[in-house]
Amino acid sequence: ALRRPGAAAGTAPGETLRAVGEDVDETGFFVAWAPTNLAHWLFVIASVTLMMRIDAVVTCALLVLLVLITAVTGAVHGRFLRYRRATRTASAQVAGALREAVGNVRAVQAAAAEEHVGAHIGRLDDARARAAVREELFAGVQRTVIANAAPVGVGVVLLLTSGRAGHGAFSVGDLALFMFYLQILAEALASIGILSVRLQRVSVALGRIAGFRGETPHAPPGEAGPGAPARKAGPDPDPYPPLRELTVRGLTARHPGTGHGVHDIDLSVVRHGVTVVTGGVGSGKSTLLRAVLGLLPCERGTVLWNGEPVADPSAFLVAPRCGYTPQAPRLFSGSVRENVLLGTADDDGTVLAGAVRTAVLGPDLAAMREGPDTVVGPRGLR
């Protein structure tokens, strides 16, 4: 995704912030927390071995009880995971809406849409709250079932040993040892529950991170080959020869969801030559350049460097072989004059006049009430 900055974003801004923030933290915590339970489980294995040597029937009954409790907690696995995803998605929508509202506050005020924007954010926040409550409900069910494993186990031990305690078959010391080990087993079961919940959360987090990177979960590593042009067999002392001619054949690139773009473009750029791509606003000039450079995905077409096809334009058409200056204006809060001069001394106005003439900005300045002294707001908003 980051190698195609001109392409449509695969995720919303709020979801992107969640992916690089909370989701990354979630995976890091899991990696640090999981190994700490290894020693605990080794002690559990030793405890079960001793309990089996004391009384195999009671021990097996306790193990069956723990298996049943594990099955109950696993029964809510699917619904918890579904609500976890819903909570993440809703939180990303709230963050994205807040970002857009704050970043375009002047536009919201100009359209007198404060109430509508506030109501929209409120609805998104309500949906996020409902999803979070459902997620916490099923997480609480898992925690509650696991927390009551030890008391229920104590009752099972007392029921099974009450008849034999008077005959000395099961001593008070054995009962105390079982109680102690039962608490350890319950804690181990709780760690399984926590591990299950954490594993589910990490699964969701990794899926969202993969979506942000433009990958799919469980996909193999990237198969992108080298970006240099494909070459014929034989020695080549210069793997990157200087440009003689850059050729584009049958290039078609459309913006996703709109159908707008460029279709079947043939283009040739020769060394030391000047090629002008001209057209009206929205005719596809920037789209064409971005598609040639690999910044936009192409539906079909071929890019040739000195007659050789370029396997990956986004990796090959970079400095020092190629340079690209995108049309991305940056305006400061101030007047048009201040944005043009940027601190340059212009007592007689010749510098400003020359810049206006070169940029063909005269008709636009004439339409402004205060001319070059018109104040430009945030992000160029007047």
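Residue numbering for the sequence shown follows the working numbering, starting at 6 and increasing by one per position.
By construction, the Cβ of each residue, glycine as well, lies at the ideal position given by its N, Cα and C atoms.
- Under the three-state reduction of DSSP, Ala80 is assigned to helix.
- Between the C-alpha atoms of His121 and Cys303 there is a straight-line separation of about 38 Å.
- Assigned with DSSP and collapsed to three states, His45 falls in helix.
- A straight-line Cα-Cα distance of about 12 Å links Gly212 and Thr94.
- The beta-carbon distance between Val146 and Val81, rounded to whole angstroms, is 6 Å. This is short enough to meet the 8 Å contact definition.
- About 6 Å separates the beta carbon of Leu322 from that of Gly299, a gap short enough to meet the 8 Å contact definition.
- In this structure Ala106 is in contact with Val113, their Cβ atoms being roughly 6 Å apart against a cut-off of 8 Å.
- The C-alpha of Thr280 lies about 51 Å from the C-alpha of Ala91.
- Here Gly158 is actually not in contact with Leu129; their C-beta atoms are around 45 Å apart, not less than 8 Å.
- Its chain contains Lys290 as the residues whose beta carbon lies nearer than 8 Å to that of Gly284, once the 5 sequence neighbours on both sides are disregarded; these appear in chain order.
- Look at the region 248-305 and you find these whole runs of beta strand (DSSP E), each 3 residues long or longer: 250-259, 266-275.
- In this structure, the CA atom of Phe48 is about 33 Å from the CA atom of Arg89.
- With a beta-carbon spacing of about 6 Å, Arg342 and Leu357 fall inside the 8 Å limit used to define contacts.
- Distance from the Cα of Val267 is smallest, within the candidate group Val253, Val162, Ser288, for Ser288.
- Boundaries of the alpha helix (DSSP H) around Ala144: 119-152.
- The alpha carbon of Phe337 has as its nearest neighbour, out of Leu346, Thr330, Asp351, the alpha carbon of Leu346.
- Under the 10 Å beta carbon count, Ser273 is surrounded by fewer than 16 other beta carbons and is classified as exposed.
- Closest in alpha carbon position to Glu140, among Gly359, Asp179, Leu86, Asp271, is Leu86.
- Of the candidates Ala191, Cys327, Phe143, the residue whose Cα lies closest to the Cα of Ala155 is Ala191.
- Contact check for Val381 and Ser340: beta-carbon distance about 7 Å, within the 8 Å limit, so the pair qualifies.
- In this structure, Val53 sits away from Val162, with a CB-CB distance that is not shorter than 8 Å.
- Here Val297 is near Val253, since their CB atoms are less than 8 Å apart.
- Counting every other CB atom within 10 Å of its CB across the protein chains shown gives Trp46 a total below 16, marking it as exposed.
- By the neighbour-count definition (other C-beta atoms within 10 Å, threshold 16), Val99 is a buried residue.
- Its Cα nearest to that of Val308, the residue Ala258 stands out among Ala258, Ala324, Ala117.
- The same chain holds no residue with a CB closer than 7 Å to that of Ala116 once the five nearest residues on each side in sequence are set aside.
- Annotated as proximal: Ala66 and Leu165, with beta-carbon spacing under 8 Å.
- Gly348 has its alpha-carbon roughly 41 Å from the corresponding atom of Ile126.
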